[in-house]
Amino acid sequence: GENVEQHPSTLSVQEGDSAVIKCTYSDSASNYFPWYKQELGKRPQLIIDIRSNVGEKKDQRIAVTLNKTAKHFSLHITETQPEDSAVYFCAAARGFQKLVFGTGTRLLVSP
Amino acid sequence: DTGVSQNPRHKITKRGQNVTFRCDPISEHNRLYWYRQTLGQGPEFLTYFQNEAQLEKSRLLSDRFSAERPKGSFSTLEIQRTEQGDSAMYLCASRLSRQGSTDTQYFGPGTRLTVL
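Same order as they appear, the protein sequences are chains G and W. Using the numbering used here, read the first sequence as starting at 1 and increasing by one per residue. Using the numbering used here, read the second sequence as starting at 112 and increasing by one per residue.
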């Protein structure tokens with residue numbers, strides 16, 4: 001089955017810096033890669049996603065890149081703000097099926 | 112609130128008791144997923160439904176766990192003879208699976224289960 005690895009487990013940056021979180025997946029049939037943000041005690045919320053027919057997607061300060069050959073994808077957050085502090089999870093899925101999540105990255109943005 | 116809702120939000124029970132959780136998906140969402148999340152980990156898939164049909168169950172879902180979605184709307188997850196290892200956050204997610212729809216799974220707030 002699918003296995004998703006995520007690094008780093010914790011990431012501390014200064015406000016205004018960029019943050020990069022990386023994930024690798026094992027199942028070459030996976031074709032959907034979402035990123036969720038989870039604040040303490042709250043539900044996971046989708047922040048951006050990408051399908052395997054696209055190499056990069058951007059939404060304001062957030063971008064995701066996908067390398068199908070290497071089976072890895074990354075989340076890039078630019079101009080970080082304190083409200084970006086949260087746990088971020090990557091995930092992979094085949095089509096409409098279950099999401100397989102990474103272990104999460106705790107991002108701390110210091111003012 | 113038209114998002115996914117779950118009840119109860121918190122449940123404390125003694126080992127050996129049975130518990131049942133409810134999930135109400137976003138209206139018209141035909142796919143419903145259950146995940147379990149323990150502290151410091153990502154959500155782990157348990158099972159999912161397409162309308163009322165249960166299409167996949169994880170090996171994590173032992174015989175003590177059962178899930179239903181009898182009318183293709185809300186779903187229940189029951190855990191029989193709870194064990195301390197069942198303590199976790201149980202998350203429900205839903206999505207619309209139809210041509211032209213997005214792949215987004217929308218999560219509920221979860222039910223936090225504590226087994227004493």
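No residue lacks a Cβ here, since even glycine has one placed at the ideal position from N, Cα and C.
Item: Endpoints, beta strand (DSSP E) assigned at W:ARG223; Value: 222–226
Item: Chain-ordered residues of the stretch 199–216 of chain W with a beta carbon less than 9 Å from chain G; Value: LEU202, ALA204, ARG206, SER208, THR213, ASP214, THR215 and GLN216
Item: Buried versus exposed, by CB contacts within 10 Å (16 or more), W:HIS121; Value: exposed
Item: Alpha-carbon to alpha-carbon, G:VAL4 and W:PRO154; Value: 12 Å
Item: Chain-ordered residues of the stretch 162–179 of chain W with a beta carbon less than 7 Å from chain G; Value: GLU167
Item: Segment contact flag, the stretch 20–36 of chain G with the stretch 191–203 of chain W, C-beta cutoff 8 Å, min 3 pairs; Value: no
Item: Span of the beta strand (DSSP E), counted from its first residue to its last, around W:GLU194; Value: Segment: none, W:GLU194 is in no beta strand (DSSP E) and carries neither H nor E.
Item: Bridge partners - W:ARG147, DSSP secondary structure assignment; Value: W:GLU155 and W:TYR201
Item: Residues from the stretch 41–56 of chain G in contact with chain W, defined by Cβ distance under 8 Å; Value: LYS42, ARG43, PRO44, GLN45, LEU46, ASP49 and ARG51
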